[in-house]
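Last residue of the sequence shown: 302 in my numbering, with the numbers rising by one and none dropped.
By construction, the Cβ of each residue, glycine as well, lies at the ideal position given by its N, Cα and C atoms.
Just so it is clear, the structure is predicted and the values come from calculations on it, not from any experiment.
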Amino acid sequence: MNFLEILNGVEVSAHSGNPQITGVEYDSRRVKPGNVFVAMRGESSDGNRFIEQAISAGAVAVVTDGDLAPPHVAWAKVPHGRRALAALSANFYGRPAEKLAITGITGTNGKSTTAFLLESILQAAGRKTSLLGTIEYHVAGKVLAAPHTTPEPLELQRLFRDAVENGASEVAMEVSSHALVQQRTFGITFDVAVFTNLTRDHLDYHETMNEYFSAKRILFARTLAGWPRVAVLNTDDESGRQLLDFC
């Protein structure tokens with residue numbers, strides 16, 4: 056895959072060069088020769104500070120949300136680094152989410168229970184199903200440790216690829232408010248979106264309940280455009296009733 060191919064569908068303001076790409080990486084410490092390095096501003100650090108380190112490790116292209124084009128390598132400037140990472144990751148792994156029926160489950164409480172129940176129901180119906188959530192991941196016949204409730208985009212697309220290659224047709228996954236704000240699921244078309252409830256939690260991150268609710272609402276933002284195809288809402292919860300009006 057070359058640089059222009061992996062940039063397909065990515066919002067790019069300017070770019071230069073078209074080398075062959077061997078992988079995608081957003082952590083300069085993990086860059087390998089031939090990789091494209093995604094340098095993006097984070098909440099506590101700025102990946103643009105590590106562009107030279109990534110190039111020294113063998114990066115042949117840099118995608119940056121910074122102001123300066125890096126010298127001596129191919130580059131692309133993007134307005135939103137995290138969205139670019141999600142799109143690049145999907146392209147590199149062959150857009151595996153498009154081959155899966157994905158149910159995203161969000162809410163303060165009950166996400167894990169709902170995901171495990173759904174996995175069990177789908178498997179009982181003869182559907183090969185993967186699970187991603189707070190407790191663990193079930194992918195390609197393996198039980199994997201879960202460093203995040205919802206993986207980062209690169210890891211998420213890799214897990215989807217592994218699921219597809221193992222014959223999975225369904226994914227039940229928890230989608231955290233952090234993941235939604237951080238665009239980890241950007242570009243993924245959910246077949247079903249589930250809302251369990253909203254109670255006071257994570258206010259160290261979201262600061263207010265309104266911000267917390269707005270984060271959860273992202274999962275349902277494209278409902279009027281037909282995605283997710285089905286929204287499952289707990290309308291015993293006040294926030295669920297608000298989402299019903301939104302959808």
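When beta bridges are read from the DSSP output, Thr119 appears opposite Ala94 and Lys132. One thing to note: Thr240 has its Cβ no nearer than 9 Å to the Cβ of Ala139.
Inter-segment contact for the region 175–182 and the region 195–211 is absent: fewer than three beta-carbon pairs are separated by less than 8 Å. Look at Asp300 here: in three-state DSSP terms it is helix.
For the set His203, Lys183 and Thr204, the Cα lying nearest the Cα of Val194 is the one of Lys183. Excluding sequence positions up to five before and after Pro125, its CB lies within less than 6 Å of the CB of Ile106 and Val117, all in the same chain and listed in chain order. Relative to the Cα of Phe147, the nearest Cα in the group His203, Ser294, Asn57 and Phe250 belongs to Asn57. Arg150 sits away from Gln238, with the two beta carbons spaced by 9 Å or more.
By the CB criterion at 9 Å, Arg96 and Asp120 fall inside the cutoff.
For Asn265, the secondary structure class from DSSP, reduced to helix, strand or coil, is helix. Taking 8 Å as the upper bound for CB-CB distance, Met228 and Ile157 are in contact here, some 7 Å apart.
The C-alpha of Val86 lies about 23 Å from the C-alpha of Ala69. Under a 10 Å Cβ-count criterion, Asn164 is classified as exposed, with fewer than 16 other Cβ atoms of the shown protein chains found around its own Cβ.
Per DSSP, reduced to three states, the secondary structure at Asp292 is coil, with no helix or strand assignment.
For Ala156, there is no enclosing alpha helix (DSSP H); the enclosing beta strand (DSSP E) covers residues Ala156 to Thr161. Measuring C-alpha to C-alpha distances from Val226 to each of Val236, Ala234 and Thr244 identifies Thr244 as the nearest. The beta-bridge partner set that DSSP reports for Glu229 consists of Ile160. Between Thr290 and the set Pro283, Asn221, Trp282 and Leu299, the nearest pair of CA atoms involves Leu299. DSSP links Leu187 through a beta bridge to Tyr192 and Met228. For the pair Pro88 and Ala112, the CB atoms are nearer than the 9 Å cut-off. Between Phe275 and Ala248, the CB-CB gap stays under 9 Å.
Under the three-state reduction of DSSP, Gln238 is assigned to coil, being neither helix nor strand. For Asp246, the three-state secondary structure derived from DSSP is coil. Annotation: Leu199 is outside any alpha helix (DSSP H); the continuous beta strand (DSSP E) that includes it extends over Lys197 to Leu199. Secondary-structure assignment with DSSP links Ala286 through a beta bridge to Ala248.
Counting along the chain, Ala69 sits inside no alpha helix (DSSP H); it lies in the beta strand (DSSP E) bounded by residues Ala69 to Ser71.
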